[in-house]
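Notes to accompany the following structure.
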Amino acid sequence: MTHQTLHRTTGQTWNPMLRDQFDWHWTHQVRDRLAGLTDDEYFWEPAPGCWNVRPRGTGTAPVQGGSGAMTIDFAMPEPDPAPFTTIAWRLGHVIVGVLAVRNAAHFGRAPTDYQSFSYAPTAAEALAQLDAEYAGWRAGVEALGETGLARPCGEAEGPFAEHPMAELVLHINRELIHHLSEVCLLRDLYRHTTRRGTDRQEAN
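Following our numbering, the numbering of the sequence shown begins with 368 at its first residue and continues without gaps.
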């Protein structure tokens, strides 16, 4: 059954449903939990050898992407197992790889990629970038309407070029829920880990 046939059969409009899936998560489970993110949390490395966002020239990763004062750690191909990644790194991945690159490919944003993006030197700036890219993605999806969801993704999505835009929207929803939930969990871990360390110091 095609998207158009399903719409005629059920009378359901799918575009709002696809947007609402992540809007609810964003509003009720993600964005408020990221409010007040500190730079200490943003750059915190909970394990040795983390990939992070770093001042240019200070990283040791094989690939250090970025056009500004900060670079993001990478390797091509990615090692197995991959290094643990920080909140800064995970936000950078969401902002650039999940959202900005897709906004550029599908919704008229200026071209960007991991190498040309200017990564945020502070948590506040990273959250502002996240808000901007999410708003751009959401507006682009809304502008697709119903018929736009059925059109092919195009060459920007490589081997998935012939898959419908609706499938890409579902994939991005999954990526956002996955990675931003990780960020929230790391923030919880930071609070509990550093608080225990402070409590031990005070007890001594």
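By construction, the Cβ of each residue, glycine as well, lies at the ideal position given by its N, Cα and C atoms.
Check, Outcome
"Span separating the alpha-carbon of histidine 546 from that of threonine 405", "18 Å"
"Burial state of threonine 453 (16 or more Cβ within 10 Å)", "buried"
"Buried or exposed by the 16-neighbour rule on C-beta atoms within 10 Å, applied to alanine 455", "buried"
"Proline 488 and alanine 442 closer than 8 Å at C-beta", "no"
"Pair within 8 Å by beta-carbon distance, phenylalanine 474 and proline 413", "no"
"Sequence-distant residues of the same chain with beta carbon closer than 6 Å to tyrosine 501, five excluded per side", "none"
"Bridge partner(s) assigned by DSSP for valine 430", "Phe441"
"Reduced DSSP category for cysteine 551 - H, G, I as helix; E, B as strand; rest coil", "helix"
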